[in-house]
Each structure stands twice: as structure tokens, then as C-alpha cells.
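K.L.:
Residue numbers (our numbering), protein chains in the order written: chain A, -11 to 201; chain B, 69 to 311.
#1: Would DSSP call residue 28 of chain A helix, strand or coil?
#2: Please name the residues in the segment 232 to 265 of chain B whose beta-carbon is closer than 9 Å to at least one beta-carbon of chain A, in chain order.
#3: With residue 125 of chain B and residue 90 of chain A assumed to form a contact (beta carbons below 8 Å), what rounded beta-carbon distance in angstroms separates them?
#4: For the beta strand (DSSP E) holding residue 302 of chain B, just list the boundary residues, first then last.
#5: Name the residues in the segment 200 to 215 of chain B whose C-beta lies less than 8 Å from a C-beta of chain A; which are they?
#6: Counting pairs of beta carbons, one from the segment 228 to 235 of chain B and one from the segment 255 to 265 of chain B, are three or more of them closer than 8 Å?
#7: For the segment 59 to 72 of chain A, enumerate the residues whose C-beta is nearer than 8 Å to any C-beta of chain B, in chain order.
#8: Is it buried or exposed for residue 140 of chain A, if we count other Cβ within 10 angstroms and need 16 for buried?
#9: How long is the line joining the alpha carbons of residue 200 of chain B and residue 19 of chain A, rounded to whole angstroms?
#10: According to DSSP, is residue -9 of chain A part of a helix, a strand, or is it coil?
#11: Using a C-beta to C-beta distance shorter than 7 Å, which residues of chain A count as neighbours of residue 292 of chain B?
#12: How should residue 73 of chain B be labelled, buried or exposed, when 16 other C-beta atoms within 10 angstroms of its C-beta is the threshold for buried?
#13: Exposed or buried, residue -7 of chain A, counting other C-beta atoms within 10 Å across all chains shown (16 or more means buried)?
#14: Would you kindly check if the distance between the Cβ of residue 8 of chain A and the Cβ of residue 174 of chain A is under 8 Å?
#15: Please report the residue range of the beta strand (DSSP E) in which residue 69 of chain A lies.
#16: What does the alpha-carbon distance come out to for the pair residue 150 of chain A and residue 87 of chain A?
#17: Terminal residues of the continuous alpha helix (DSSP H) containing residue 86 of chain A?
#18: Name the chain B residues that come within less than 7 Å of residue 221 of chain A, Cβ to Cβ?
#19: As a quick exercise: from B:95, B:116, B:195, B:102, pick the residue whose alpha carbon is nearest that of residue 212 of chain B.
#20: Taking Cβ-Cβ distances shorter than 9 Å, what residues in chain B pair up with residue 153 of chain A?
#21: Checking 8 Å against the spacing of the C-beta atoms, do residue 134 of chain B and residue 294 of chain B come in under that value?
#22: Mind pulling the chain A residues with CB within less than 7 Å of residue 286 of chain B?
#23: Give a yes or no on contact between the segment 175 to 183 of chain A and the segment 151 to 171 of chain B, applying the rule of three or more CB pairs nearer than 8 Å.
#24: So what does residue 225 of chain B bridge to, in DSSP terms?
#25: Could you tell me whether the Cβ of residue 95 of chain B comes closer than 8 Å to any Cβ of chain A?
#26: Could you pull the DSSP bridge partners for residue 6 of chain A from this structure?
#27: Alpha carbons only, please: which of A:46, A:60, A:49, A:28 is nearest the one belonging to residue 131 of chain B?
#28: Give the DSSP-derived three-state secondary structure of residue 275 of chain B in the structure shown.
#29: Measuring alpha carbon to alpha carbon, tell me which of B:139, B:168, B:87, B:121 ends up nearest residue 105 of chain B.
#30: For a contact meaning CB atoms closer than 8 Å, what does residue 29 of chain A contact in chain B?
#31: So what does DSSP say about residue 107 of chain A, is it helix, strand or coil?
#32: Going by other Cβ atoms of all chains shown within 10 Å of its Cβ, with 16 needed for buried, is residue 2 of chain A buried or exposed?
#33: Kindly indicate the opening and closing residues of the beta strand (DSSP E) around residue 55 of chain B.
#34: Going along chain A in order, which residues have a C-beta closer than 7 Å to the C-beta of residue 156 of chain B?
#35: To the nearest angstrom, how far is it from the Cα of residue 29 of chain A to the Cα of residue 161 of chain A?
#36: Can you have a look at residue 196 of chain B and say buried or exposed, based on whether 16 or more other CB atoms are within 10 angstroms of its CB?
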């Protein structure tokens, strides 16, 4: 796991966005801009999707990203690839060290399978995304574009015998990941409301998004 | 397999799609050894409901697919269960669902350009384009393409997360049988796995057999493989409540 600090200072930022747990962020990041996602209180999962701003059918692809780097985990130096096998973004700084892209986002439907049929009305990431795309038709994103995401700050190690484990986060208060956009992109974040597993330490907390030109 | 209804061969660069009813069995057999079968599932009643690899992996706490695993949609339902998983060399099968597809670019770099004019139906087709062709027949496109299954391809990871295709268990006669728990649109191709490093393009064909499954019993292996799967089956039962 590599840890790379950033030289950028919040005082010089172009914009700052506070995202409470259970809320979403949907916005455009221009080519060449750098942004940071900060885990303000620690052990929080940020479930993130990226799209080509000009054509959202081109989007972040976990499969292409994994195959391209020959590695399952995301950290500084990872190029985030699209489903057209083009570079959307690069992780340029990371004080957490490892991020997941296998576990996907929580959904009310998958919560019924994972935890209990009677937990179907607990808030979940995919519901935040549904509200985001419903409230912002101007981005041209709909359910068919909602897929396999990144879970920043989440620790999902794969074992040698093919097991998948959801471990307590390796993140901590103030840890961050920073990315540089290689094309104009749209970023959709669900700040995860999950209360049933350790991905948020059973206590979902806010994140911050800081953007620099 | 009882009640055999249909058999065919999918050539090692071919693609196909069909709708299978709930209660159907689909058996795929690696004829020569070294085959890969890419597969995606959609609900024909609502094409927005599709196979979801992350949900499938996390609810069963697994990175690999094997006998007992159920294959979930993004709506908490089970498209199909892996009821048989035969390994000819007794090493046990292990199927990938995170590496995606070969692409035109990857195939060209490794084995040369896809060229129908020269090679006719022995052309070097890639998994991504194969899926696009089949998906378009149902009005679907790249936005609908999810992370697929790669049957017979074992991808292992070390502690640092570095992945490789492990070909040791690939053997003629390996087979996997799926029992469909919902009516399902099945999209498939037999193009090479994206991590395949064979010297020549692997035209490894598979046999496809379709038959009728016995009713799912209370002590069914897949249903009881994990308690999560019992709840998945309950979601399916709810879906068919009014039928």
C-alpha cells in the first residue's frame, strides 16, 4: 500500500462541498481539475461513479480498471478506466492506501438478501443515486447507467482461496484520496448510509469534496 | 441430465443469446480444455434488471463462483444457481466475474486484427463486441453492459491484489450447470478471457445442453449454501406470487 500526500491547500480551492452521510453529490469536474474526497471523521465509505460528461454511456469500469493495472485494489497511481478502455481519471494522492471496487454499493434490495427481508426500507446508496438522477435529468443519467462503482476508504480484501471479506476500515479521520480528471467528467457520490456492516464503523459520517483548478 | 431439450455447440469465437424459462437447466461443457464463456443476464420483463457481480460476490462473501453460488440481479433476486460444477481433474472449478471482456484492441495486440475478409468465420472476435452485437438485438447498448461472468476462467489474487489467470485446472470435460430461478435473457460468448496469454487465438468450443430442472426442494444445495441465498429465493418467490 502506498501513501502519497498532496501539496494542494484547501485555502486555494475552487470549490468545497460538504456531503452528510446518506446524501449524494452530483457534479461536473473539468479536464485538468483535481479534487479531493476527505473522510472527515474516519471509517466512512464513499460510493462513487464517474461518467464522460459528454456521453454518460462511457463511464467508470471496474473491470477495465482492474484488468489494465492487473490489480484488484485502487491507490495512488491507479488509472481509472472507462468501459471504452480510456483513462477517465488518475489517483494522484492517497493517505488511506487502498480502496475497493469489488463490493459495489448497498441497495435496499441487496440489504434484504444480506441482512433481513424486513430491512428493505433502510436507506441505501443506490436509493441516493436514484434520487440524484431523478432530481438532475440535465446530466442524462438514468438507472441503466448505475453500475459497478468505487468504494473509497473501504477495505475489502480477497483471500488466496477466493474469499471476500469486509473488514473494518483502514481509513481514519482526515484521510483523503485525490484524483485528477483526464477528461470532462460527471461524478456521482453516495455518502454511504449503511448501518449493518463495518464499512462505516456502524456510524455513517460526513465527507468533504474539495476541487482545485 | 434428464429431459434433454436441445443441444448445440458454441464455437470458440462465437456469441449467442436466448431467453430461458424459470426451471430450465443450462449445462456448458468445455470440449477441448481452455474454454472461456462470457455471460450476462437480464430480466426480459424489465431489461433494467440485470446481473450484478458486486451484489453476487458480497452477499456470498466470495471472490470466485463455484457450485452452490447463486447469481443475483441488482434487485435482490436470483437469476440462476450453480447446481453442478464438474472438474475433470478433480481440482474443482473456480469461475471469474471481475475481469470483464477481451476487446478489439487487446485481441489485435496479442493475436492480430479481427479480419472477416481473410479469416471468414475463423475471425478473431472479442468478447466486448460479441456482447454489443447480442445486446443490440434487444435494444440494449454499452450502458447496459454489466460486469460479466467468465465460466471456466480461474483468476487468483495475491495479498497485494495482483491478479493472474490460473490455467492449471483447465481441462476437457469440465462443465458447469445453471438452474434458472427466473425467466432470464442469457447473453453469452465463447471469446478468450482478457488475461489469456495463449500463443495462438484459442478457438476453444463449448457444448451447450438445455433441459428441464427438477423442482427446487427445501434441502436444495444452492438454496442452503448460505442463509443469504434462502432470502434470495424468498425474493424470487415474492416476484412470482401472482403467477
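Think of the CB as a built atom: it goes at the ideal place given N, C-alpha and C, for glycine as much as any other residue. Note that the structure is predicted; figures quoted are calculated from it, not measured.
P.N.:
This is what the structure holds:
#1: As a first step, residue 28 of chain A must be located in the first chain, where it is residue number 40. Coil.
#2: 232, 262, 263
#3: Along the second chain, one-based indexing puts residue 125 of chain B at 57. Along the first chain, one-based indexing puts residue 90 of chain A at 102. Contact flag correct, Cβ pair sits at about 6 Å.
#4: Position 234 of the second chain, counted from the start, is the residue given in the question as residue 302 of chain B. Unbroken run through residue 302 of chain B is the alpha helix (DSSP H), 295 to 307; no beta strand (DSSP E).
#5: 209, 210, 211, 212, 213, 214, 215
#6: yes
#7: 59, 60, 61, 71, 72
#8: What you label residue 140 of chain A is simply residue 152 of the first chain in a count that begins at 1. Residue burial annotation: residue 140 of chain A is buried, with at least 16 other C-beta atoms found within 10 angstroms of its C-beta.
#9: For the purposes of this step, residue 200 of chain B is taken as residue 132 along the second chain, with counting starting at 1. For the purposes of this step, residue 19 of chain A is taken as residue 31 along the first chain, with counting starting at 1. Each residue's alpha carbon lies about 28 Å from the other.
#10: Indexing the first chain from 1 puts residue -9 of chain A at position 3. Reduced to three states, the DSSP call for residue -9 of chain A is coil.
#11: On the second chain, position 224 is the one that residue 292 of chain B refers to. Result: empty, since nearest Cβ-Cβ is about 14 Å, beyond 7 Å.
#12: On the second chain, position 5 is the one that residue 73 of chain B refers to. Burial call: exposed.
#13: Taking the first chain and counting its residues from 1, the one referred to as residue -7 of chain A is at position 5. By the neighbour-count rule (16 or more Cβ atoms within 10 Å), residue -7 of chain A is not buried but exposed.
#14: Along the first chain, one-based indexing puts residue 174 of chain A at 186. Along the first chain, one-based indexing puts residue 8 of chain A at 20. No; because the gap between Cβ atoms is not below 8 Å, this pair is not in contact.
#15: Numbered from its first residue, the first chain carries residue 69 of chain A at position 81. Counting along the chain, the beta strand (DSSP E) containing residue 69 of chain A begins and ends at 67 to 69.
#16: Here the question's residue 150 of chain A lines up with position 162 in the first chain. Here the question's residue 87 of chain A lines up with position 99 in the first chain. Taking the straight line from one Cα to the other gives about 18 Å.
#17: In the first chain, residue 86 of chain A corresponds to position 98, counting from 1. Residue 86 of chain A -> no alpha helix (DSSP H), and no H or E assigned at all.
#18: No answer is possible for residue 221 of chain A: it lies beyond the span of chain A, which begins at -11 and ends at 201.
#19: Numbered from its first residue, the second chain carries residue 212 of chain B at position 144. Comparing C-alpha distances from residue 212 of chain B to each of B:95, B:116, B:195, B:102 shows the shortest one belongs to B:116.
#20: On the first chain, position 165 is the one that residue 153 of chain A refers to. Near residue 153 of chain A (Cβ distances below 9 Å), the residues of chain B are 129.
#21: Translated into positions along the second chain, residue 134 of chain B becomes position 66. Translated into positions along the second chain, residue 294 of chain B becomes position 226. No, these two residues do not count as a Cβ contact at 8 Å.
#22: Translated into positions along the second chain, residue 286 of chain B becomes position 218. Chain A residues near residue 286 of chain B: none, gap ~18 Å exceeds 7 Å.
#23: no
#24: Taking the first residue of the second chain as 1, we reach residue 225 of chain B at position 157. B:231, per the DSSP bridge assignment.
#25: Position 27 of the second chain, counted from the first residue, corresponds to residue 95 of chain B. Residue 95 of chain B does not count as touching chain A.
#26: Numbered from its first residue, the first chain carries residue 6 of chain A at position 18. Residue 6 of chain A pairs with A:196.
#27: Counted from its first residue, the second chain places residue 131 of chain B at position 63. Of the listed residues, the one whose Cα sits closest to residue 131 of chain B is A:60.
#28: As a position in the second chain, residue 275 of chain B is number 207, starting the count at 1. In this structure, residue 275 of chain B counts as strand in the three-state DSSP scheme.
#29: Here the question's residue 105 of chain B lines up with position 37 in the second chain. The shortest C-alpha separation from residue 105 of chain B is found at B:168.
#30: Mapped onto the first chain, residue 29 of chain A falls at position 41. Those do not exist, as residue 29 of chain A stays about 24 Å from chain B at its closest Cβ, beyond 8 Å.
#31: As a first step, residue 107 of chain A is located in the first chain; it is residue number 119 there, counting from the start. Three-state DSSP puts residue 107 of chain A in a helix.
#32: Along the first chain, read from residue 1 onward, the residue named residue 2 of chain A stands at position 14. So residue 2 of chain A counts as exposed.
#33: The requested residue 55 of chain B is not part of the displayed model; chain B covers only 69 to 311.
#34: By one-based count along the second chain, residue 156 of chain B stands at place 88. Ordered by position in chain A, no residue passes the 7 Å Cβ test against residue 156 of chain B, which lies about 20 Å from the chain.
#35: Walking along the first chain from the start, residue 29 of chain A turns up at place 41. Walking along the first chain from the start, residue 161 of chain A turns up at place 173. If I take the Cα positions, the gap works out to 4 Å.
#36: Your numbering for residue 196 of chain B matches position 128 in the second chain. Buried, because 16 or more other Cβ atoms sit within 10 Å of the Cβ of residue 196 of chain B.
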